[in-house]
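Undergrad: One structure is given below, represented as structure tokens, and several questions about it will come after.
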Amino acid sequence: MAMAALRREGRRILLSTPSPAAAMAARSPAVSQPEIAPHGARSISTQVVRNRMKSVKNIQKITKAMKMVAASKLRAVQIRTENSRGLWQPFTALLGDAPSVDVNKNVIVAITSDKGLCGGINSTSVKVSKALHKLTSGPEKESKYVILGEKGKVQLIRDSRKSIEMTVSELQKNPINYTQTAVLADDILKNVEFDALRLVFNKFHSVISFKPTMTTILSPEVMEKETESGGKVGDLDSYEIEGGETKSEILQNLTEFQFSCVLYNAALENACSELGARMSAMDSSSRNAGDMLDRLTLTYNRTRQASITTELIEIISGASALEG
Amino acid sequence: MLRHAAHRLASRAAVAGRRALSTAGVPAQAAEDSAFVEAWKKVAPNIEAPKTPMTLMQPRPPTPAAIPTKLTINFVLPYKSEIANKEVDMVIVPATTGQMGVLPGHVSTIAELKPGVLSVHEGNDVTKYFVSSGFAFVHANSIADIVAVEAVPLDQIDPSLVQKGLTEFTAKLGSASTDLEKAEAQIGVDVHSALNAALTG
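Heads up: the protein sequence lines correspond to chains B and L, in order.
Going by our numbering, the first sequence opens with residue 3, and the numbers climb by one from there.
Going by our numbering, the second sequence opens with residue 958, and the numbers climb by one from there.
Here it is, written out as structure tokens:
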């Protein structure tokens, strides 16, 4: 870039050769050396700083715009998430929660985002999923992944390709609604064998706080076993089944319904967390760009003033040489 | 730096003022599963264990000794909580075996719902909803949870559209060839006849 600027200035002969100048400019672009030009040419290395300032300013504009977009989308999704919060509570009230259940076939369903630039939430989900995988694997036990979202797939495919059972992407192409998640849940339940499903997602507590959360859903057979043996699943046996169906049929329907409801809530919470994380990531990046711009402006002014001072000195010394 | 970011974000959003920053109503209860947390710490000591639903829920009251006078109901749909923690006298749910009335002190039951009318009785007010399907749980502590996929108040249903749908699905049932088509048409017929019955009955 320095070489092109030199050529543009005309055929001025420079004392310092272009290549060390270019190398120096490449090494420390923020601090540019004033070129020594024998014919009184203004220093041209402010061009480097000016270009950099322009690109940093553009980046700042882009990140500010992305933050505004994320904020407006967040408002809409947050309302729907809060409305769906009542959906999973009846199931936990009835069936309890057994995260430490010991079964042979574990399936870890991780919900991640498709788009990037959203801070660290996808990495957190993947870390938690990997730790769960380690926790639930053993001599006779196995655990597989079902991944919703591109970012999780990319991270997990690197070292756990064989354990990935199914991946789904483009979840948020249309706004998340219950019908879509019900179909997705149906798909997963049909194609994946499991004794326990562990759903990993980021729960939205506030715009700056998202906690990884894990919900456990047991298959009907395991649920029956757990209720018979006591344990955390509580007193499911004390509930009468209304209707002519057997307990196992009702449990089957119940498990499927529970999974689709919990998946709907989890997908909404994760979408909220993604937007909140993107907001704060873009906010800190605009602030960084602003700081960088301030530093570059100072450097630019210093360089400009130094070259003006040099010119003045030359003129004055030339004038005093003529007089004296 | 992170604290600054948090503070600045919080103050900016507070100034904008349009929406509450933190979503209220999720106090952390100490009902954690300690076995899980222990096992987690052994495998991944540096990562914090994920939260589980029991810690995020309000604990339910225990079974009282005497039968309470009122029934507390929660009626939830995927897109909103229609009724949350309301005390009522009676609720009639459309279970697969027919209309089931639930009074305070009802025995704990799990009931699968079929398309029909759900009515909530509070004193002299009766609110009726048409429910598509779902589940109803009655717990021993006189709390009833009704989870439905879709519910509309009866006065928002258009009778002419109901008739049209009924004739359409009956025709489809007649002309259905594969099992899937037959099942879909049958479901359509069931729902529309239930709607019809709800509007007339």
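Backbone N, C-alpha and C define an ideal beta-carbon position, used for all residues, glycine too.
As the structure is a prediction and not an experimental result, all values here were calculated from the model.
Within 10 angstroms of its Cβ, does GLY1073 of chain L collect 16 or more other Cβ (buried), or is it exposed?
TA: By the 10 Å Cβ count, GLY1073 of chain L comes out buried.
Undergrad: Roughly how many whole angstroms lie between the Cα atoms of THR1026 of chain L and ASP116 of chain B?
TA: Roughly 51 Å separates the two Cα atoms.
Undergrad: Check the Cβ of VAL1148 of chain L against every Cβ in chain B and list those closer than 8 Å, keeping chain order.
TA: Chain B residues near VAL1148 of chain L: none, gap ~15 Å exceeds 8 Å.
Undergrad: Does the Cβ of ALA1006 of chain L have 16 or more other Cβ atoms within 10 Å, making it buried, or fewer, making it exposed?
TA: Label assigned to ALA1006 of chain L: buried.
Undergrad: Do you know offhand how far PRO1016 of chain L's Cα is from TRP90 of chain B's?
TA: When rounded, the distance between both Cα atoms is 14 Å.
Undergrad: Do you know how far the Cα of LEU298 of chain B is from the Cα of ILE159 of chain B?
TA: If I take the Cα positions, the gap works out to 41 Å.
Undergrad: DSSP state of VAL194 of chain B, grouped into three classes?
TA: Note: VAL194 of chain B maps to coil in three-state DSSP.
Undergrad: Is the Cβ of ASP1115 of chain L closer than 8 Å to any Cβ of chain B?
TA: Taking Cβ atoms only, chain B never reaches closer than 8 Å to ASP1115 of chain L, which makes this a no.
Undergrad: Thinking C-beta only, is VAL1050 of chain L closer than 8 Å to VAL1064 of chain L?
TA: No, the Cβ-Cβ distance between VAL1064 of chain L and VAL1050 of chain L is not below 8 Å.
Undergrad: Could you tell me the distance, in whole angstroms, from the CA atom of LEU978 of chain L to the CA atom of ALA73 of chain B?
TA: Only weak support exists for where LEU978 of chain L lies, its pLDDT of 44 falling under 50; the coordinates are left without a value.
Undergrad: Give the residues of chain B in contact with MET1014 of chain L, contact being defined as C-beta atoms less than 8 Å apart.
TA: Under the 8 Å cutoff, chain B gives GLN91, THR94 and ALA95.
Undergrad: Quick one: using the 10 Å Cβ neighbour count with 16 as the cut-off for buried, is ILE317 of chain B buried or exposed?
TA: Exposed, by the Cβ-count rule.
Undergrad: Grab me the residues of GLN254 of chain B's own chain with a C-beta within less than 8 Å of its C-beta, minus the 5 sequence neighbours each way, in chain order.
TA: Around GLN254 of chain B: PRO222.
Undergrad: From SER2 of chain B to SER262 of chain B, what distance separates their C-alpha atoms?
TA: With chain B running from 3 to 326 in the structure shown, residue 2 of chain B is simply not present.
Undergrad: Does the Cβ-Cβ distance between LEU270 of chain B and ARG82 of chain B come in under 8 Å?
TA: Their beta carbons are under 8 Å apart, which means LEU270 of chain B touches ARG82 of chain B by this criterion.
Undergrad: Do the segment 1034-1050 of chain L and the segment 1098-1115 of chain L touch if we need at least three Cβ pairs shorter than 8 Å?
TA: Touching, yes, given that three or more Cβ pairs across the two stretches are closer than 8 Å.
Undergrad: Please list, in chain order, the chain L residues whose beta carbon lies closer than 7 Å to that of PRO2 of chain B.
TA: Absent from the model: residue 2 of chain B. The displayed extent of chain B is 3 to 326, so no value can be given.
Undergrad: With 16 as the cutoff for other CB atoms within 10 Å, does LYS146 of chain B come out buried or exposed?
TA: Label assigned to LYS146 of chain B: buried.
Undergrad: Can you tell me the Cα-Cα spacing of LYS205 of chain B and THR114 of chain B, whole angstroms?
TA: Rounded to the nearest angstrom, the two C-alpha atoms are 12 Å apart.
Undergrad: Verify whether the separation of the beta carbon atoms of ILE219 of chain B and THR248 of chain B is less than 8 Å.
TA: No, they are not a contact pair.
Undergrad: For chain L, is any of its Cβ atoms less than 8 Å away from the one on GLN35 of chain B?
TA: Low per-residue confidence applies at GLN35 of chain B: pLDDT is 47, beneath 50, and the placement is therefore not dependable, though the value from the model is reported in the following sentence. Answer no: the Cβ-Cβ gap between GLN35 of chain B and chain L never drops below 8 Å.
Undergrad: Residues of the segment 244-262 of chain B with a CB closer than 8 Å to any CB of chain L: list them in chain order, please.
TA: Against chain L - using a Cβ distance shorter than 8 Å - the residues of the segment 244-262 of chain B are GLU244, GLY245, GLY246, GLU247, ILE252, ASN255, LEU256 and PHE259.
Undergrad: Under 8 Å between beta-carbons, which chain L residues line up against VAL202 of chain B? List them in chain order, please.
TA: The answer, in chain order, is PRO1007.
Undergrad: As an exercise, report each continuous alpha helix (DSSP H) stretch of at least 4 residues that is fully enclosed by the segment 136-168 of chain B, in chain order.
TA: As far as the segment 136-168 of chain B is concerned, its whole alpha helix (DSSP H) runs of at least 4 residues are 152-159.
Undergrad: If you draw a straight line from the alpha carbon of ILE178 of chain B to that of ASP99 of chain B, how long is it in whole angstroms?
TA: When rounded, the distance between both Cα atoms is 26 Å.
Undergrad: I'd like the list of long-range same chain contacts for ILE123 of chain B, defined as Cβ closer than 7 Å, with 5 residues on each side in sequence excluded.
TA: Cβ within range, chain order: ASN204, PHE212, SER275, GLU276 and ALA279.
Undergrad: In whole angstroms, what separates the C-alpha of VAL1095 of chain L from that of MET225 of chain B?
TA: The alpha-carbon atoms of VAL1095 of chain L and MET225 of chain B are separated by roughly 19 Å.
Undergrad: Output yes if chain L places a C-beta closer than 8 Å to the C-beta of ARG306 of chain B; else output no.
TA: Judged by the 8 Å Cβ criterion, ARG306 of chain B is not in contact with chain L.
Undergrad: Please tell me whether SER145 of chain B has its Cβ less than 8 Å away from any Cβ of chain L.
TA: So no, SER145 of chain B is outside the interface.
Undergrad: Rounded C-beta distance between ASN1153 of chain L and LEU1123 of chain L? I'm assuming under 8 Å.
TA: With 8 Å as the limit, ASN1153 of chain L and LEU1123 of chain L qualify as a contact, their Cβ atoms being about 6 Å apart.
Undergrad: Look up GLU244 of chain B in the DSSP assignment and give the residues it is bridged to.
TA: In the DSSP output, where bridge partners are listed per residue, GLU244 of chain B has L:ALA1068.
Undergrad: Reducing DSSP to helix, strand and coil, say where LYS110 of chain B ends up.
TA: For the record, residue 110 of chain B in the displayed sequence is Ile; it is not Lys. In the structure shown, ILE110 of chain B sits in a strand (DSSP, three-state: E or B).
Undergrad: If I measure Cβ to Cβ from ASP1147 of chain L and keep anything under 7 Å in the same chain, skipping five residues before and after, which residues do I get?
TA: Cβ neighbours of ASP1147 of chain L beyond the five flanking positions: PRO1072.
Undergrad: Excluding five sequence neighbours on each side, which residues of the same chain lie with their C-beta closer than 6 Å to the C-beta of ALA1151 of chain L?
TA: Correct list, in chain order: PRO1072 and GLY1073.
Undergrad: Could you name the residues of the segment 1056-1089 of chain L whose beta carbon sits closer than 7 Å to any beta carbon of chain B, in the order they occur along the chain?
TA: Those would be MET1057, VAL1064, SER1065, THR1066, ILE1067, ALA1068 and GLU1069, in chain order.
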